[in-house]
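Data first, discussion second: the structure below is written as C-alpha cells.
Quick look at the structure:
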C-alpha cells in the first residue's frame, strides 16, 4: 500500500463514521501555546478539547505535521524523526475511549490488513492519584489483544498543566521472528497508535480536576505506519523518503545511520523554513539552525568540500508540496545555503581561535564560557572542533 492509498484509507474510514476532515496546519503553534513547535496533532485543538465548540462538530479527523526535538539524539535509528506527519482522530465530548479503541483495531486489522497476532496493547495501570484504566483493559480483553499495564508511559499530559488522562497504545511487532515478550521487555515492539482519554485538567499544584467534557485524542505516525505496511526495516525505506534516499547515498556516500540523520535533518529544515522560520540564536530559529548545522557537521566529517548546493533541485519543491506549504522553493533553498555559509565562516574562525588560544585542545568549563561570550562560538561548535584535533 502506497502512502496516498493509506491516507485515503484512514480518512475514508473516519469520514464513514461521521468525522469531519480538518486540514493540518503550520508547525507554528498558537501564540498562547508555550511550546516552540506543534509536537502533536492535538495542539491546534486544545481549546476544543477543553470544551469550546469546534465549528466542524464533535467528531474530527485529519493529518498534522509535527516537530519534536526531544528525540534528536535518537535520529538515525529505524523509527525516530524530527518532522513527521500525525494521523489523528478526535471525539470532542462525543464517543468514549472504548469506541475509539474498537475502531482503532478495526482500521488496523481490516483497513490496513495487519495481522492482529502482530499487535500488542498497553494501558495505564494506575498510580498514587488515579486508578487503572479499566475501560481500556476490559476493551482489549474483549477484542482479544494482549495488554501490558504501565504507569508514566501510559499517562498523557499537555505539559505540566492542562488536559491529561490515561493513554492506551497499540504496538506492532517489527521483528523477523514470531512476536515475543511485551512492549516493555522487547524493543522490537514499535509504538504505532496512541488513544488518549482526556478526563482531567492538571493544575499548577499537581491537583487533578475532572473535565466537564470528556474527549478522546488519537495520534498515529504516518511514517511508522508506512514502514509496517510496506514491510521496510526503517521509516527511511518507505516511499515517503524515496525522493531523498534515492539520491543521497550516491551524492554523499556515508555510513547508514549518518545518512539517515542527514536526510532527516535536511528534510526537516526544508519544512521548518517552509513555515517561515529563519535561523537564529534563540527559540524556533535556533532549532532550524541546529538542524542545518548538525547535518553539515555529519557531511563535512566525511568530506569538507560537500555543499548543500549539490542537492538535486527537485527535493525542496517536492518536500514543500508534500507538506502542503506555499513557500517559494528558491527562498527556502536560499535559507539553507546562507546558513551553510555562516556555519563555514564560524568554523574557520573557531579553528583559528582554538589554535591560537588553546593549542593543546584541552578546555575547561570557563574556557567554553569565554569562547561563547567573547568570540560567539557555541559550545557544540567548540566541542566538535576540539574533538577533531
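Residue numbers (my numbering): 551 to 939. Glycine included, C-beta positions come from ideal geometry on N, C-alpha and C.
Straight through space, the alpha carbons of residue 723 and residue 748 are spaced by roughly 27 Å. For residue 899, the enclosing alpha helix (DSSP H) begins and ends at 879 to 907. Less than 9 Å divides the Cβ of residue 670 from the Cβ of residue 721.
Around the C-beta of residue 573, fewer than 16 other C-beta atoms lie within 10 Å, and the residue is accordingly described as exposed.
Shown here for residue 732: same chain residues with a beta carbon closer than 6 Å to its own, the five before and five after excluded, namely 698 in chain order.
Between residue 628 and residue 785, the alpha-carbon positions lie close to 6 Å from each other. With respect to the 9 Å criterion, residue 734 and residue 700 are classified as neighbours on the basis of their beta carbons. DSSP, reduced to helix, strand and coil, places residue 932 within a helical segment of the structure shown.
The Cβ neighbour count for residue 875, taken over all protein chains shown within 10 Å, is at least 16; the residue is labelled buried.
For residue 560, the uninterrupted alpha helix (DSSP H) run begins and ends at 553 to 565, by DSSP. The DSSP-derived three-state label of residue 578 is coil. Residue environment analysis places residue 639 among the buried positions, since at least 16 neighbouring C-beta atoms fall within 10 angstroms of its C-beta. Three or more Cβ pairs closer than 8 Å define a contact, and the region 794 to 814 meets that threshold against the region 618 to 627. Nearest Cα to residue 609 within the set 641, 619, 615: 641. For residue 637, the closest C-alpha among the options 892, 739, 564 is that of 564. Judged by DSSP secondary structure, residue 760 falls within the beta strand (DSSP E) whose first and last residues are 758 to 771. The beta carbon of residue 816 sits closer than 7 Å to those of 845, all from its chain and outside the five residues before and after it, given in chain order. In the three-state scheme derived from DSSP, where H, G and I count as helix and E and B as strand, residue 612 is classed as strand.
Taking 9 Å as the cut-off, the Cβ atoms of residue 673 and residue 687 count as close. Its Cα nearest to that of residue 863, the residue 820 stands out among 820, 834, 892. Nearest to residue 853 by C-alpha distance, out of 901, 801, 877, is 801.
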